[in-house]
Amino acid sequence: MNATTENNMTRNESQGLLNKLQSLETCFMSILWGFLLNRLNVVSEKLQKVEIDCGLVVELYDSLIQLITNTREHFDEFEKKEIEKSVTKEYKDLKTRKKIKSIFYDETRHNDLIASGREKF
């Protein structure tokens, strides 16, 4: 189908989905979850074997716990991969307008925490 034959609402919705899929954050999440789910699947297949012993089960679960806890330390590696693969090369918060929260008469702005896109992950 030709893009000009679609109605405006459909074209707008598809453009919005394309923008989300091309974002750096989506690329990061797909790389991270691809890595984690691949490892979980390998361990799951080993755990489903009939001839597995209890010692190996404990080792496999310990390895998964280590994998999850150590994944945070490898953030820079995941970020480098995402920047190589992503169409967009900067985080969403650098491209969008900053939203300023309304403050009341008894509040001040000095307590607001402003984190960059990288720090939000």
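Count along the sequence shown from 1, add 1087, and you get the number used in the working numbering.
Each residue gets a CB set at the ideal place from its N, CA and C atoms; glycine is no exception.
In the three-state scheme derived from DSSP, where H, G and I count as helix and E and B as strand, Y1148 is classed as helix. Under the three-state reduction of DSSP output, Q1102 falls in the helix class. In the three-state reduction of the DSSP assignment, S1131 falls in the helix class, which pools H, G and I. Here L1151 is near V1130, since their CB atoms are less than 7 Å apart. With respect to the 7 Å criterion, F1165 and L1119 are classified as neighbours on the basis of their beta carbons.
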